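So the structure is just underneath, and the comments pick up after that.
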Amino acid sequence: MEDSRKNAVSVGIMGNIFLFIAKLTIGFISNSIAIISDAFNSLTDVVNSIILFFSVKVGSKSADKDHPFGHHRSEPVGVLIVAVLTIVLGFEIARIAATRLITKTAPIFSITIVFILLLTILIKSFMYLYTRLAWKKTKSTAVFALMVDHRNDIWISSGAIIGFLGSNYGVYFLDAVVAFFIGIWIIKVGFSIGARNVKYLMGEAPDPKLLDKISRIALKVNGVRSIQKIKAHYVGTLLQVEVHIRISRNLSVYRAHTIETNVKKAIEKIRDVDRAFVHLDPIIKSRPH
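Dropping the structure here:
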């Protein structure tokens, strides 16, 4: 899974660098400020991809003396930065669109620019599909943010083509209207990504269905009579679980310890769980009065 995450982010970096160089080169050759501006938008995507790459790399490190429970928080921190940049991008697109709508500014139709936009859609569609497959495999928050970033670029470029076609047929306001709604949508997506990752940093409890799943797995272990208490919270993108299991009071220390170890191993096999802490509660029958 670690390789899938790194590969997806690496593809994002390489694809965005290629688009930046291609757009910048064509922009200078054609002397088009629109294409040069779009090139620097791709440069922003490169920065986002690099941030996510390092957050994934740091998050993959094993626990050490300074971080005894691992580095799992680095990934949501990186995604949170990208979420803020996404919101800023959305505001900027909406602001420019609103200004153009007020001033009745329409884009100048250009085959070169349309070609660049189609190239962007083609490359970004491949990157989106590749990253989506990686996200389905890993459920990584960084890969999800990258996938959304690719999707945003597809929508932005598609909206720009619609705007160009509108201006070519005399519908000057179409470009600004489409861009404005794309900007609002990107802001919404940015907030959604941010909110999704804040829970990983704040130690939020997981979905009750996941807790039920953990309880059922613990109950399957031989020697476990019942679950006294279970709670869990996110430490980065993974869970730490504390479970109190009830066992017979007549068991030897060795047998009780074996049950504890088996429960711990069973819970830690769950993909979302990093570490499980198991507490043994012996069943004590109430004495007759």
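Residue numbering for the sequence shown follows our numbering, beginning at 262 and increasing consecutively. All C-beta atoms, glycine included, are put in the ideal place defined by N, C-alpha and C. Just so we're clear, the structure is a prediction, and the values are computed from it rather than from any experiment.
Worksheet item: Mind checking D473: buried by the 16 CB within 10 Å criterion, or exposed?
Response: exposed
Worksheet item: Which first and last residues belong to the beta strand (DSSP E) in which K492 is found?
Response: Note, K492: beta strand (DSSP E), 487-496.
Practice prompt. Specify, as a first and last residue, the run of the alpha helix (DSSP H) that D414 falls within.
Written response: 402-429
Worksheet item: Below 8 Å, can you find three or more Cβ-Cβ pairs linking the segment 413-430 to the segment 438-452?
Response: yes
Worksheet item: If we ignore side chains and look at the alpha-carbon of each, how far apart do I506 and K481 end up?
Response: For I506 and K481, the distance between alpha carbons rounds to 12 Å.
Discussion item. Once DSSP output is grouped into helix, strand and coil, what is the label at P368?
Written reply: In the structure shown, the three-state DSSP call for P368 is coil.
Item to complete: Consult DSSP for E529 and reduce its assignment to one of helix, strand or coil.
Response: helix
Worksheet entry | Which residues DSSP lists as bridging H505, in chain order | K490, H540
Worksheet item: Any idea what DSSP makes of L500, helix, strand or coil?
Response: strand
Worksheet item: Would you call T381 buried or exposed, if buried means 16 or more other Cβ atoms sit within 10 Å of its Cβ?
Response: buried
Item to complete: Please state whether DSSP places D535 in a helix, a strand or coil.
Response: strand
Item to complete: Please classify N483: is it buried, with 16 or more other beta-carbons within 10 angstroms of its beta-carbon, or exposed?
Response: Per the 10 Å Cβ criterion, exposed.
Worksheet item: Straight-line CA distance for D542 to Q489?
Response: 8 Å
Worksheet item: Could you give the distance in angstroms between the alpha-carbon of K526 and the alpha-carbon of I508?
Response: 17 Å
Practice prompt. Return helix, strand or coil for E465, following the three-state DSSP convention.
Written response: coil
Worksheet entry | Sequence-distant residues of its chain with Cβ nearer than 7 Å to F452 (five each side left out) | I348
Worksheet item: Among residues of its own chain, excluding the 5 on either side of A395, which ones have a beta-carbon nearer than 6 Å to its beta-carbon?
Response: Around A395: S265, A269, V404.
Worksheet item: If you draw a straight line from the alpha carbon of N302 to that of I282, how long is it in whole angstroms?
Response: C-alpha separation (whole angstroms): 12 Å.
Worksheet item: Going by the CB atoms, is the gap between I454 and V409 shorter than 9 Å?
Response: Judged by beta-carbon spacing, I454 lies within the 9 Å limit of V409, meaning their Cβ atoms are closer than that value.
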